[in-house]
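Notes for the one structure printed next.
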Amino acid sequence: MMSEPSLQVERIGGYLRLTLNRPRQRNALDAALQGALREALEQAASDPAVRAVLLRAEGAGFCAGQDLGEGFEFDGRSAEALTAPIAQGLNPLIQALADVPFPTVCAVNGVAAGAGFGLALACDYILAAEDATFMCAFSRLGLVPDSGVSFHLPRLLGERRALALAMLDEPISARQAEAWNLVWKVVPQGTLDSEAEALAETLARKATKALALTKRAMRSAFAHDLREHLMFERRLQMEAVMTEDMREGVAAFQERRKPAFKGL
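Sequential numbering of the sequence shown, starting at 1, is according to the UniProt record's numbering.
The structure is reproduced here in C-alpha cells:
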C-alpha cells in the first residue's frame, strides 16, 4: 500500500493550495517535505496561471517545526554538519516562500512552533483558528531561532517582545497574536479553511504584478531613508504603469465597473 505524499498540491482556480500532510508527526518538516514545498513554490513562481498560494495543514496542528528525528546524530559531527539541514533545506524554503511573485496565505490551526512558526511568518497573510498557538520553541532545545523567525519577529513585534517570546518560549494564543499584529485575522476553527480559500481566491483575482511590486516596496521600507524610498517607489511604479492590469484598472474606474484583472 502506497503512503500518502507528505505534501498535497492542488490547483484551485487561480491559486495553488499546498497542504502539509504528516499529521502523525504533527506536520514536522523533514527533508522530503521541505524539498517538496520548495519545488512546488519554485514551479508556481514560474507559472503565470498561479496568482496566489494557500498554505495549510492536515490534522490537529499546523507544524511542530523541523523534524528532529532525522540527521541529529551528534557523535563526531561538526557544527557545520549539524546545521547543514538549515543551509540545504530550511533557508532555501523560507527564501522561496518570500520570493514568490504573488500573495501567500497561511491557514494555521493548532500549534505552529519553531520552523513551523517561521514558515507561517514568511507568508503575507496568516489566518489563525481560535485554537491556534504560536511559539518559538528554540531556547528549550538550547538553539537560536532560525527559519527567519529572528528576522520577522523584531519587525513585527519590536525588539523587546521579540526577545521575550524567543527567550521564554511561552506559547501565545491566536487572540494574543492578533492583538500583537502577528496574524491578519482570527476565525472560528470550523471556518478556517473556507475563509482562507476565500482570501486566496480574492487575491488571485487582483492585479498580481502590482501586488508583487507592493511586496517589494513594503519589504524594502526599513532598508531606505525617506528620500531613497520615494525614488524606489517611483521605480516600482514605472513597472506597474506598463502592465495590462493597470490599463484595465483605469478603464474600469472610468467606466464605473469592476476590473477584470489577468495578472499581466
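For glycine and all other residues, C-beta sits at the position ideal for the given N, C-alpha and C. Note that the structure is a prediction, hence the values are computed from the model and not measured.
Query - Between the CA atoms of alanine 87 and glutamate 248 - distance to the nearest angstrom - result: Taking the straight line from one Cα to the other gives about 43 Å.
Query raised in the report: According to DSSP, which residues form a beta bridge with glutamine 219?
Result: It should be pointed out that residue 219 corresponds to arginine in this sequence rather than to glutamine. Beta-bridge pairing links arginine 219 to no other residue.
Query raised in the report: How is phenylalanine 102 classed by DSSP in three states: helix, strand or coil?
Result: Coil at phenylalanine 102, not helix or strand.
Query raised in the report: Quick one: Cα of glutamine 8 to Cα of asparagine 27, how far?
Result: It is roughly 12 Å from the alpha-carbon of glutamine 8 to the alpha-carbon of asparagine 27.
Query - Rounded Cβ spacing between valine 100 and alanine 44 (contact assumed at less than 8 Å) - result: The beta-carbon distance between valine 100 and alanine 44, rounded to whole angstroms, is 6 Å. This is short enough to meet the 8 Å contact definition.
Query - Every unbroken alpha helix (DSSP H) inside the segment 164 to 248 [4 residues or more] - result: The qualifying runs are 174 to 179, 192 to 204, 208 to 219 and 226 to 240.
Query raised in the report: What is the residue span of the beta strand (DSSP E) that phenylalanine 138 lies within?
Result: Segment: none, phenylalanine 138 is in no beta strand (DSSP E) and carries neither H nor E.
Query raised in the report: Taking the continuous alpha helix (DSSP H) assigned at glutamine 34, which residues delimit it?
Result: Per DSSP, glutamine 34 belongs to the alpha helix (DSSP H) from 31 to 45.
Query raised in the report: If we count the other Cβ atoms within 10 Å of its Cβ and call it buried at 16 or more, is glutamine 34 buried or exposed?
Result: Classification of glutamine 34: buried, given that the 10 Å Cβ count is 16 or more.
**Report entry** Beta-bridge pairing of glutamate 10 - partner residues as DSSP gives them
**Finding:** Paired residue(s): Arg17.
Report task. Starting from valine 50, trace the beta strand (DSSP E) both ways and give me its first and last residue. Result -> First-last for valine 50: undefined, no H or E at that position.
Query raised in the report: Quick one: Cα of arginine 256 to Cα of valine 183, how far?
Result: Distance between the alpha carbons of arginine 256 and valine 183: 34 Å.
Query raised in the report: Ends of the beta strand (DSSP E) at alanine 60?
Result: For alanine 60, no beta strand (DSSP E) segment is defined, and its DSSP state is neither H nor E.
Report task. For the alpha helix (DSSP H) containing alanine 79, list its first residue and its last residue. Result -> For alanine 79, the enclosing alpha helix (DSSP H) has its first and last residue at 79 to 82.
**Report entry** C-beta atoms of alanine 113 and leucine 29 nearer than 8 Å
**Finding:** Cβ distance not < 8 Å, so alanine 113 and leucine 29 don't count as in contact.
Query raised in the report: Can you tell me the Cα-Cα spacing of glutamate 4 and alanine 252, whole angstroms?
Result: Looking at the two C-alpha atoms, the distance is approximately 46 Å.
Query raised in the report: Name the DSSP beta bridge partners of alanine 260, please?
Result: DSSP output for alanine 260 lists no bridge partner at all.
Query raised in the report: Within 10 angstroms of its Cβ, does alanine 49 collect 16 or more other Cβ (buried), or is it exposed?
Result: It counts as exposed.
Query raised in the report: So who's on the other strand from valine 111, going by DSSP bridges?
Result: In DSSP, valine 111 forms a bridge with Thr133.
Query raised in the report: Roughly how many whole angstroms lie between the Cα atoms of leucine 236 and alanine 223?
Result: If you draw a straight line from the Cα of leucine 236 to the Cα of alanine 223, it is about 15 Å long.
Query raised in the report: Smallest Cα separation from tryptophan 180: which of Ser139, Val187, Ala79 and Gly158?
Result: A check of alpha carbon separations from tryptophan 180 across Ser139, Val187, Ala79 and Gly158 identifies Gly158 as the nearest.
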